[in-house]
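Written out below as structure tokens is the structure these notes cover.
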Amino acid sequence: MNIFRLAGDMSHLFSILLLLLKIHTIKSCAGVSLKTQELYALVFATRYLDIFTGYISLYNTLMKMFFLWSSFTIVWYMRYHNVVRRSYDKDQDTFRHYFLILPCFILALLVHEKFTFLEVLWTFSLYLEAVAILPQLVLLQRTRNVDNLTGHYVFFLGAYRSFYILNWIYRYFTEQNYYKWITWISGLVQTALYADFFYYYVKSWRNSERLQLPA
Amino acid sequence: AKESRKKDEL
Numbered sequence: 102m103n104i105f106r107l108a109g110d111m112s113h114l115f116s117i118l119l120l121l122l123k124i125h126t127i128k129s130c131a132g133v134s135l136k137t138q139e140l141y142a143l144v145f146a147t148r149y150l151d152i153f154t155g156y157i158s159l160y161n162t163l164m165k166m167f168f169l170w171s172s173f174t175i176v177w178y179m180r181y182h183n184v185v186r187r188s189y190d191k192d193q194d195t196f197r198h199y200f201l202i203l204p205c206f207i208l209a210l211l212v213h214e215k216f217t218f219l220e221v222l223w224t225f226s227l228y229l230e231a232v233a234i235l236p237q238l239v240l241l242q243r244t245r246n247v248d249n250l251t252g253h254y255v256f257f258l259g260a261y262r263s264f265y266i267l268n269w270i271y272r273y274f275t276e277q278n279y280y281k282w283i284t285w286i287s288g289l290v291q292t293a294l295y296a297d298f299f300y301y302y303v304k305s306w307r308n309s310e311r312l313q314l315p316a
Numbered sequence: 005a006k007e008s009r010k011k012d013e014l
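Order-wise, the sequence lines are chains A and B.
If you're matching positions, the first sequence starts at 102 in the working numbering and goes up one per residue.
If you're matching positions, the second sequence starts at 5 in the working numbering and goes up one per residue.
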């Protein structure tokens with residue numbers, strides 16, 4: 102484990118804790134896309150099936166369990182919690198997330214490293230994670246005035262992806278035979294999707310203004 | 005690329 106990978110994982114963890122804080126403490130999920138959260142739950146459920154088949158480290162297993170638990174907990178809150186579900190911007194969160202799932206699945210059937218059940222699902226989870234943020238970005242664009250916690254949540258998610266790219270570069274130069282094209286390309290696509298958001302986030306932070314996305 | 009597939013990342 103290198104410092105970039107650790108920083109990436111910690112940003113990811115922190116972003117989820119921010120979201121849980123907002124939902125659990127403030128009892129509001131305003132500005133949060135349920136579509137994106139459902140996609141993440143599906144991403145983790147399909148990727149971390151390897152919890153049962155291979156052991157890497159206690160760290161890996163605990164992190165995987167946390168990501169699984171937190172993603173399903175967030176979806177549960179937004180769908181079923183008496184107070185939280187009322188703050189959900191259902192009418193604004195209209196992205197057709199089902200249209201992302203099928204193409205990602207077909208792509209995973211076509212482009213993968215091994216044609217086995219776990220391997221195809223793992224590849225599917227990478228493709229889906231790359232685009233899972235889209236409903237959230239569309240929702241942010243629509244609400245325009247982004248509340249602080251939601252803005253920070255998306256920022257730390259994007260930071261997590263950026264640190265992973267640094268981690269891959271570092272590993273490529275320090276380890277032998279370390280290359281993973283599918284992971285890299287889907288990771289690059291995913292990080293690129295944050296570029297526009299990052300621009301406005303940093304701009305509002307530098308001017309100490311509330312984050313506002315252009316129409 | 006035999007061992008590069010080890011999935012140690014999250």
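Glycine included, each C-beta is placed from N, C-alpha and C at the ideal position.
Check	Outcome
For Asn-103/A, decide whether its Cβ has a neighbour in chain B, counting only Cβ atoms nearer than 8 angstroms.	no
So with CB distances below 7 angstroms, who are the chain B contacts of Ile-157/A?	Asp-12
Please work out which residues of its chain come closer than 8 angstroms, Cβ to Cβ, to Leu-114/A, disregarding the five sequence neighbours upstream and downstream, and give them in chain order.	Met-164 and Phe-167
Starting from His-253/A, follow the alpha helix (DSSP H) in both directions and report where the run begins and ends.	249-275
DSSP on Asn-278/A, reduced to helix/strand/coil?	coil
Which whole-angstrom value is the C-beta distance of Val-290/A and Ala-233/A, which I expect to be below 8 angstroms?	11 angstroms between Cβ atoms; not a contact.
List the residues that DSSP assigns as beta-bridge partners of Asn-246/A.	Gln-313/A
Which bits of chain B does Met-164/A rub up against, with CB to CB less than 7 angstroms?	Leu-14
Looking only at its chain, what residues have a beta carbon closer than 8 angstroms to the beta carbon of Leu-250/A, apart from the 5 residues adjacent to it on each side?	Leu-119, Leu-120, Leu-122, Lys-123 and Ile-127
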